[in-house]
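Undergrad: First residue of the sequence shown? That's 2 in my numbering, and the numbers climb one at a time after it.
Cβ coordinates follow ideal geometry from the N, Cα and C atoms, glycine included.
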Amino acid sequence: LKQPRPNVRPVPPSATAQSLWRVPMEARRRAVQGGHAAAAARRRRLRQCTARAAELGRQCAWRSAVEVLSELQRHGPAPDVRLYTAVLSACERGAQWQQALGLFTEIRARQLEPDTVAYNANISACEKGHQWQRAGDLLQEMRSLSRMPDAISFNATASACERGHAWQRALDLLEEMRGCGILPDAISCAVAVSACGRGQCWQGALGLIEAMHCHGPSPDVVTYSAAIAACERGREWQPALALLGAMDLHGCGPGVVAYNAAIAACGKGHQWEHALGTLEALRCRHLQPDAVSYAAAIRGCVKRHHWERSLSMFETMLAEAVEPNVITYGATIAACEDAHEWSAALGLLAAMEAGRQEPDVVVYNLAISACEKGQEWQ
Numbered sequence: 002l003k004q005p006r007p008n009v010r011p012v013p014p015s016a017t018a019q020s021l022w023r024v025p026m027e028a029r030r031r032a033v034q035g036g037h038a039a040a041a042a043r044r045r046r047l048r049q050c051t052a053r054a055a056e057l058g059r060q061c062a063w064r065s066a067v068e069v070l071s072e073l074q075r076h077g078p079a080p081d082v083r084l085y086t087a088v089l090s091a092c093e094r095g096a097q098w099q100q101a102l103g104l105f106t107e108i109r110a111r112q113l114e115p116d117t118v119a120y121n122a123n124i125s126a127c128e129k130g131h132q133w134q135r136a137g138d139l140l141q142e143m144r145s146l147s148r149m150p151d152a153i154s155f156n157a158t159a160s161a162c163e164r165g166h167a168w169q170r171a172l173d174l175l176e177e178m179r180g181c182g183i184l185p186d187a188i189s190c191a192v193a194v195s196a197c198g199r200g201q202c203w204q205g206a207l208g209l210i211e212a213m214h215c216h217g218p219s220p221d222v223v224t225y226s227a228a229i230a231a232c233e234r235g236r237e238w239q240p241a242l243a244l245l246g247a248m249d250l251h252g253c254g255p256g257v258v259a260y261n262a263a264i265a266a267c268g269k270g271h272q273w274e275h276a277l278g279t280l281e282a283l284r285c286r287h288l289q290p291d292a293v294s295y296a297a298a299i300r301g302c303v304k305r306h307h308w309e310r311s312l313s314m315f316e317t318m319l320a321e322a323v324e325p326n327v328i329t330y331g332a333t334i335a336a337c338e339d340a341h342e343w344s345a346a347l348g349l350l351a352a353m354e355a356g357r358q359e360p361d362v363v364v365y366n367l368a369i370s371a372c373e374k375g376q377e378w379q
């Protein structure tokens, strides 16, 4: 038979026991709250420093942005990837590619994972430092680590290639963009067209313009101007003028940059009449010719013994309050030298020395040659 259990009533804990039980619970609660507060303070501090570094970057004060990072490294809290990215962007704006690469190495050493924005800032820094191979390596690293590159990644890398005269690589990047499902934008195409110009491949620039008309995006003023500049480098004045006319047909009013490139193309092709006509067309659009415009037009007169026209344009430039530069003086003196007009050449040299422009070796040699051709060796 089971023995009946005694009817034992629970004894409530004493006040002392209750207080002893509450002490560790209260301490734990305060510790948790303190931990949350400390974590919140760290996050707040990081946000403030990140915002400060970003603002310094916008002011191109990259050294101060790096100092913000160094301060946290010395005193805490530990920098996160957002802060590193803000400092990277500041270095990119300051064209400090070596500093940017050093920061990127530091990010990896701290086992932080750089995102697309961080990679883009580093690639752009390399682009501004003319480090196209390093930019390409970073783009390849992104893809190998499944950090999906965007249009900015490709455009910055292509721009680095363009600056490094690796024009074929810049064109290849257009195809790689499409392979990644990214449609090239106007910036992508303008960079590729400009790369063709640097590579003396004016046909490639024209081909890209045609492809843009067929498949998009539509060429803008920047792209057209880059294509005209490519023709100018190739001394192809006819395609340059055709592109200038096409800009109006497609609603892209050419600016001074486009006109200057077209004038220079005519000048290099010794088409002085077209050069002067294009200069006049620039004025008819109520655009103000600059020193580059006049220098390009004057060059067109050098090999056709139109030195008087060159002097006339030079005087017109002065009358329009356009300050001549070394290139403008050099082009006008070259026209005088070609026509054996030593007196005019020396007059221009004297005006140059009296003004704020310092003649270079080329200008002095042209003046000496003009005297030699005019048999004024003394």
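Straight-line CA distance for HIS280 to PRO220?
TA: Sequence inspection shows Leu at residue 280; the His mentioned does not correspond to that position. C-alpha separation (whole angstroms): 23 Å.
Undergrad: According to DSSP, simplified to helix, strand and coil, what is SER147?
TA: It is coil, neither helix nor strand.
Undergrad: If you draw a straight line from the alpha carbon of SER370 to that of GLU338, how long is it in whole angstroms?
TA: Cα-Cα distance, rounded: 6 Å.
Undergrad: According to DSSP, is SER125 helix, strand or coil?
TA: Reduced to three states, the DSSP call for SER125 is helix.
Undergrad: Ignoring anything shorter than 4 residues, give me the alpha helix (DSSP H) runs that lie fully in the stretch 306-347, in order along the chain.
TA: Segments of the alpha helix (DSSP H) lying fully in the stretch 306-347: 308-320, 327-339.
Undergrad: In its own chain, which residues sit with a C-beta less than 6 Å from the C-beta of LEU2, not counting the 5 before and 5 after it?
TA: Because the pLDDT of LEU2 is 48, which lies under 50, any placement of that residue in the model is unreliable, and the question is left without a value.
Undergrad: Please confirm if the stretch 288-306 is in contact with the stretch 328-347, defined as three or more CB-CB distances below 8 Å between the two stretches.
TA: In short, these stretches touch, since the Cβ pair count reaches three.
Undergrad: Give me, in chain order, the residues of the same chain whose beta-carbon lies closer than 7 Å to that of CYS50; leave out the 5 immediate sequence neighbours on both sides.
TA: Only VAL69, LEU73, LEU84 meet the Cβ criterion.
Undergrad: Which same chain residues, not among the five before or five after ALA227, have their C-beta less than 8 Å away from its C-beta?
TA: Around ALA227: ALA191, VAL194, SER195, GLY198, ALA206.
Undergrad: Using a Cβ distance threshold of 8 Å, determine whether the stretch 315-326 contacts the stretch 252-261, with at least three qualifying pairs required.
TA: Segments in contact, no.
Undergrad: Considering CYS202, what are the terminal residues of the alpha helix (DSSP H) in which it resides?
TA: Looking at the DSSP string, CYS202 is not in any alpha helix (DSSP H), and its letter there is neither H nor E.
Undergrad: When you compare only the Cα positions, how much space is there between SER71 and TRP238?
TA: Going from the Cα of SER71 to the Cα of TRP238 covers about 55 Å.
Undergrad: Since ALA1 contacts ALA87 with CB under 8 Å, what's their CB separation in whole angstroms?
TA: Shown here, the chain extends from 2 to 379; a query on residue 1 therefore has no answer.
Undergrad: Does DSSP classify LEU2 as helix, strand or coil?
TA: A caution first: LEU2 carries a pLDDT of 48, below 50, which makes its placement in the model unreliable, though a value can still be read off. Coil at LEU2, not helix or strand.
Undergrad: By how many angstroms is the C-alpha of GLU274 removed from the C-alpha of ALA130?
TA: Correcting the residue type first, residue 130 is Gly in the shown sequence and not Ala. Roughly 41 Å between the two C-alpha positions.
Undergrad: For GLU359, which three-state DSSP category applies?
TA: Correct three-state label for GLU359: coil.
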